[in-house]
Amino acid sequence: MLKRRIVTRAGTVQGARIWRTADAVHVDLRGLDPPAPMVQILHIIDEGEIGAVLVAHLDREPVFLYPELDDRGWHHEIVALSYGEAGRVDEVKLRMTRAET
Amino acid sequence: MTVAATFLAGAKSRLLPATIPFRFFAAAAGFQVLMWLALTLNSGEVTGFRGGVGPVLAAIHLLTLGVLAMTAIGASAQLLPVATRRPLAAFWPIKLVSWLVIPGTAALALAMYTLQTTIMIPAAIATTAGLLVFTALLGDNLRRAGSLPVVAAYGWAALAALVLLVGLGVALALDYEIALLPDHANVALAHLILGGFGFMGLLALGFSHVLIPMFALAAAPARRSSLIGFFLAVSAVMVGALGALAGSAAMLTLGALVGLGACGLHLWLMHAVLKSGMRKRLGLSFVLIRVAWLILPTTLIVGIAVLYGLAGPNGSTLFGFLLVGGWLLTFLLGVLQRILPFLASMHATRPAGSGPPLTSELAASELLKLHSICHLAALGLITVSIALDLTWLAAIGGAIGLVGSGAFAWFTATITRRAVATHR
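Chains as they are written, first to last, in numbering that gives the first Met the number 0: chain A, 0 to 100; chain B, 0 to 423.
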């Protein structure tokens with residue numbers, strides 16, 4: 000359901016894979032050029048249907064996303080990071096949680 | 000060290016220390032104040048400026064090197080390592096750029112203002128050396144930007160324009176001492192085209208493909224259309240610069256017409272981005288950006304009118320002002336007003352028990368509102384003053400611009416202090 004809404008929404012980029020685990024919604028945004036991953040994450044958050052935890056799988060750290068998350072009252076934390084050739088970041092796993100009000 | 004701590008340390012290392020990008024942004028804000036001050040104090044020479052060393056040429060270089068290039072260097076140093084996913088191998092080369100370019104620009108502008116050609120040449124050489132180091136750094140980063148082909152293509156073309164630009168700049172500076180150029184005015188026009196439409200213009204168009212979608216929260220423009228726009232823009236700069244060097248009105252006209260095509264396509268792509276964006280209320284910074292977008296094609300039309308004697312006696316002055324003070328400065332200030340609060344928020348310390356300063360709070364500063372209003376008013380007044388040859392109006396416009404630039408410098412100083420304090 001989530002995937003269909005994101006893919007069909009005008010102005011968004013196709014290719015985001017979404018799944019649920021017991022404690023979070025996951026979205027795989029690897030392979031998308033900036034700023035598509037940031038836009039997809041904010042779109043998912045702004046839809047307001049994912050509960051309190053979202054985990055994004057990315058291939059670069061979305062540093063410009065952080066102020067947007069702060070503005071929306073969400074915390075973020077890098078929970079996994081892997082490096083490839085010559086110290087280049089290959090994968091970032093970012094856990095975002097809605098702040099308690 | 001825990002696993003989490005290791006991750007956080009890694010994340011922090013990918014952001015440059017705040018002192019590096021912010022030294023360029025702070026210098027740009029300071030040079031903008033000096034630029035408006037120079038224009039205000041010498042408003043009698045602004046409307047009919049035809050070139051030559053003096054206060055107006057100093058003001059132009061405070062704007063181009065001091066504000067535009069300084070901002071481009073700071074933004075590139077901050078954004079590209081993030082985009083290419085690899086931090087800078089060392090900080091000293093980008094610091095070296097600042098040590099050469101910031102005092103070099105100040106000395107160059109002072110030498111031009113006070114007609115000291117003996118100071119001008121070493122200052123031009125120091126600035127050139129700094130720009131070449133920056134070229135090497137940017138080139139090294141672009142080489143690794145495999146997933147951003149449009150931005151990389153614009154970046155490479157901008158770098159090529161920069162190399163030609165600084166070469167012609169040094170030749171122009173030397174020409175004041177040893178008269179080596181066959182036609183100083185033609186080379187000066189090529190220098191202006193390579194700087195305004197080439198280096199800075201192409202960087203502005205290239206970064207727009209990431210920054211405007213990021214600000215509007217939209218997908219980037221379609222790659223194929225963007226690359227067509229890139230080829231049109233680069234062709235326009237090449238034909239225009241060659242036309243200027245050859246003194247050919249036909250080639251300059253062709254360059255301007257191709258440039259209008261590139262401009263039309265770029266604006267259409269940006270319109271589509273804004274239309275599809277999740278964020279509809281884009282704030283005052285986008286008023287500046289939209290005004291800049293209107294000025295870009297206007298500049299090219301005025302340029303064609305100048306070639307055929309249809310722009311009045313001050314047409315060439317109007318063309319130069321619209322290019323660097325209108326399109327480029329207005330666009331860049333719009334981007335800076337948007338991006339500085341972002342960067343400050345990322346770098347600033349978290350007060351105990353609360354989050355970092357929110358981007359929206361920083362962006363809503365009254366100082367930024369004052370700056371935007373004053374900039375647009377100054378732009379309008381100086382444009383009219385040049386068109387109608389009214390020096391008193393140029394003085395009023397300059398004074399208003401000075402007030403606005405002071406507000407922006409105050410804002411920049413405030414957030415620079417907050418960002419830099421984190422790293423002490």
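Even glycine gets a Cβ: it sits at the ideal position worked out from N, Cα and C.
Nearest neighbour of residue 365 (chain B) by Cα position, chosen from B:383, B:346, B:405 and B:379, turns out to be B:405. In this structure, the straight-line span from the alpha carbon of residue 101 (chain B) to that of residue 62 (chain B) is close to 13 angstroms.
The Cβ of residue 334 (chain B) sits no closer than 9 angstroms to any Cβ of chain A. Per the C-alpha coordinates, the member of B:319, B:213, B:378 and B:274 positioned closest to residue 290 (chain B) is B:378.
Burial check for residue 150 (chain B): the Cβ neighbour count within 10 Å reaches 16 or more, so the residue is buried. Not a single C-beta of chain A is nearer than 9 angstroms to the C-beta of residue 21 (chain B). When the alpha-carbon of residue 95 (chain A) is set against those of A:40, A:15, A:89 and A:28, the nearest one is in A:40.
In the DSSP secondary-structure assignment, residue 55 (chain A) is bridged to A:26 and A:93. Secondary structure at residue 49 (chain A): coil, using DSSP grouped into helix, strand and coil. Distance from residue 385 (chain B) to residue 46 (chain B) at the Cβ level is roughly 5 angstroms; contact confirmed, criterion being Cβ atoms closer than 8 angstroms. By a beta-carbon distance limit of 8 angstroms, residue 310 (chain B) does not contact residue 323 (chain B). Their separation comes to about 17 angstroms. At least one CB of chain A lies nearer than 9 angstroms to the CB of residue 340 (chain B). Within the same chain, 160, 163, 164 and 240 come within 6 angstroms of residue 193 (chain B) by CB-CB distance, once the 5 residues on both sides are set aside.
Secondary structure of residue 22 (chain B) (DSSP, three-state): helix.
Looking at the DSSP output, residue 255 (chain B) bridges to nothing.
Residue 38 (chain A) has a beta carbon lying within less than 9 angstroms of a beta carbon in chain B.
With respect to the 9 angstroms criterion, residue 52 (chain A) and residue 97 (chain A) are classified as neighbours on the basis of their beta carbons. By the C-beta density criterion, residue 80 (chain B) is buried, having at least 16 other C-beta atoms within 10 angstroms.
Nearest CB-CB separation between residue 56 (chain A) and chain B: not below the 9 angstroms threshold. About 5 angstroms separates the beta carbon of residue 36 (chain A) from that of residue 57 (chain A), a gap short enough to meet the 8 angstroms contact definition. Taking C-beta atoms under 8 angstroms as the contact rule, residue 288 (chain B) and residue 330 (chain B) qualify, at a distance of about 6 angstroms. Below the 7 angstroms Cβ cutoff, chain A contributes no neighbours of residue 152 (chain B), its closest Cβ being approximately 14 angstroms away. The beta carbon of residue 104 (chain B) sits closer than 6 angstroms to those of 64, 65 and 126, all from its chain and outside the five residues before and after it, given in chain order. Using beta-carbon distances, residue 53 (chain A) does not count as an interface residue toward chain B, since no partner is under 9 angstroms.
Under the three-state reduction of DSSP, residue 176 (chain B) is assigned to helix. By the CB criterion at 9 angstroms, residue 136 (chain B) and residue 93 (chain B) fall inside the cutoff.
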